[in-house]
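The block underneath contains the structure these notes are about, expressed in structure tokens.
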Amino acid sequence: QAFALFGSEVTVVCRSSVCGKESLRAGAAIQKALEADGVKFRTDTKMIHVEQYEGQIQVHYQVGSERRARQVEALLIATGRQPNVEDLGLETAGIRYSPTDGILINDLAATSNPDVYAIGDCAANGVEGGSPIPRFTHNSGEMAKLIVENALFRKTPEESWKVSSLIVPRCIYTEPEVAGVGLTRAEADTKGIKYDVYDCALASNDRCILEGTDDNGGFVEILCEAGTDTILGGTIVSAHAGEIINEVTLAVQKKVGLAELARVIHPYPTVAEGVMQAGLGFIRKSWAKMPEGGKRKRE
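If you want my numbering, it's the 1-based position in the sequence shown plus 416.
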């Protein structure tokens, strides 16, 4: 998006969909926004190989059964990363690691050498059945706090901060931003978790209307455990979504129900009112309905 706005002709070649780890709705909104800025997309594409050709780079890829090639001046590759933990002498220190995943840690972020801790991108969850360590700068910072607390100030293991207790939000800094925390619909479906969805389209949000962002497909979407207001996760697409998601993150971490978020007074006009509006969707669901053509009967 940045290169396109600077005047470059940009084509994004994706092996899946746009923002594939977030909701399909978020991906569609971001793809529409980037296309409005001149970015072209080739989704569900398999890369074959890349070569130099007549002073340019030739990219060979496959869409369905059809093979295609495109010549470009520059190629930006975003294929992920893996930790650089080999040839460090970790074996000598008695520290277990995986060449692909990183240094194995327990729920206190300690390695197999109890005097050594590991944080951030080099760390991998060594607890059987544990979730992968999110590779975000803000998660590294939180793990550093956890280690200082556990190594220097803990009284008992029971009082220590646990890696498994960390609720880590995520954000993609496009315009508009995509921010999320907890489960997406796809993740909940994969795990067989039943859920209800409460959302607020930001096209009618007055702050978005004032700032001219009401047509960028922005929304707030909250997933709750079916039949309850227990928040499983949330996705926000809007300007400054990375700031707004913190309210939902706190609710997940402290187990604050969506009904309580609906009763938090938000300054008007703000985009964050969308969180409150999503919560009001839960409250309205339980309202008694007036009988047709008359007043509600008193008990």
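Glycine included, each C-beta is placed from N, C-alpha and C at the ideal position.
Notebook entry, point to check: Under a Cβ-count criterion, where at least 16 other Cβ atoms within 10 Å of its own Cβ denotes burial, should Ile464 be classed as buried or exposed?
Noted result: exposed
Notebook entry, point to check: Can you list, in chain order, the residues of its chain whose CB lies under 7 Å from that of Asn522, leaving out five sequence neighbours each side?
Noted result: Gly542 and Val543
Checklist line | Sheet register partners of Cys614 (DSSP bridge) | finding: Correcting the residue type first, residue 614 is Tyr in the shown sequence and not Cys. The partner list for Tyr614 (beta bridge, DSSP) reads Ile638.
Notebook entry, point to check: Smallest Cα separation from Phe569: which of Leu524, Ala678, Asp612 and Pro550?
Noted result: Leu524
Margin query: Which same chain residues end up closer than 6 Å to Val434 when comparing Cβ atoms and leaving out the 5 residues on each side of it in sequence?
Written below: Gly443, Ile446 and Gln447
Next item on the list: Would you please state the rounded distance, in angstroms, between the beta carbons of Thr495 and Val479? I believe it to be under 8 Å.
Entry: The Cβ separation is near 19 Å, so there is no contact.
Note to self: Short of 7 Å in beta carbon distance, which residues of its chain neighbour Gly546, apart from the five on each side in sequence? Order them along the chain.
What the structure shows: Ser580
Check: Since Ile583 and Val668 are thought to touch, with beta carbons under 8 Å apart, how far apart are those beta carbons, to the nearest angstrom?
Finding: 5 Å
Check: Do you know offhand how far Val488's Cα is from Cys430's?
Finding: 16 Å
Item checked: Best match in Leu639, Ala567 and Pro592 for proximity to Glu627 [C-alpha to C-alpha] -> Pro592
Next item on the list: Take Arg483 and list the residues in its own chain whose beta-carbon comes closer than 8 Å to its own, dropping the five residues that flank it on each side.
Entry: Ile464, His476 and Tyr477
Check: To the nearest angstrom, how far is it from the Cα of Gly497 to the Cα of Lys701?
Finding: The residue you asked about is not Gly; residue 497 is Arg in the sequence shown. Approximately 44 Å, taken between the alpha carbons.
Checklist line | Proximity below 8 Å, CB of Ser514 to CB of Asp537 | finding: no
Next item on the list: Report the three-state DSSP secondary structure of Gln417 (helix, strand or coil).
Entry: coil
Note to self: Quick check on the DSSP output: what are the complete alpha helix (DSSP H) runs of length 4 or more inside the segment 633-696, in order along the chain?
What the structure shows: 657-669 and 674-678
Checklist line | Beta-ladder partner(s) of Tyr477, from DSSP | finding: Met463 and Arg484
Check: Does the beta-carbon of Ile493 have 16 or more other beta-carbons within 10 angstroms, so that it is buried, or is it exposed?
Finding: exposed
Next item on the list: Kindly indicate the opening and closing residues of the beta strand (DSSP E) around Ile521.
Entry: Gly518 to Ile521
Item checked: Ile625 - containing beta strand (DSSP E), residue span -> That residue, Ile625, is in no beta strand (DSSP E); its alpha helix (DSSP H) goes Asp622 to Glu627.
Notebook entry, point to check: Would you say Arg441 and Phe635 are within 8 Å of each other, going by their C-beta atoms?
Noted result: yes
Checklist line | Opposing strand residues paired with Ile588 [DSSP bridges] | finding: Val594
Margin query: Given a cut-off of 8 Å on the beta-carbon distance, is the pair Glu467 and Thr651 in contact?
Written below: no
Margin query: If I measure Cβ to Cβ from Thr665 and keep anything under 7 Å in the same chain, skipping five residues before and after, which residues do I get?
Written below: Ile583, Pro585 and Val597
Next item on the list: Quick one: grab the DSSP three-state call for Arg431.
Entry: coil
Notebook entry, point to check: In chain order, which alpha helix (DSSP H) runs of at least 4 residues are fully inside the segment 515-574?
Noted result: 553-564
Checklist line | Beta-bridge partners of Phe457, as assigned by DSSP | finding: Val428
Notebook entry, point to check: Over what stretch of residues does the alpha helix (DSSP H) that includes Gly443 continue unbroken?
Noted result: Leu440 to Ala452
Check: In whole angstroms, what is the alpha-carbon distance linking Val613 and Leu639?
Finding: 5 Å
Next item on the list: Please name the residue, chosen from Val564, Leu421 and Glu558, that lies closest to Val532 on a Cα-to-Cα basis.
Entry: Val564
Next item on the list: Measure how close the beta-carbons of Ile535 and Ala567 come, nearest whole angstrom, since I'm counting them as under 8 Å.
Entry: With 8 Å as the limit, Ile535 and Ala567 do not qualify as a contact, their Cβ atoms being about 11 Å apart.
Margin query: Between Ala418, Ala526 and Ile588, which has its C-alpha nearest Phe552's C-alpha?
Written below: Ile588
Check: In terms of residues, what are the limits of the alpha helix (DSSP H) holding Thr606?
Finding: Arg601 to Thr606
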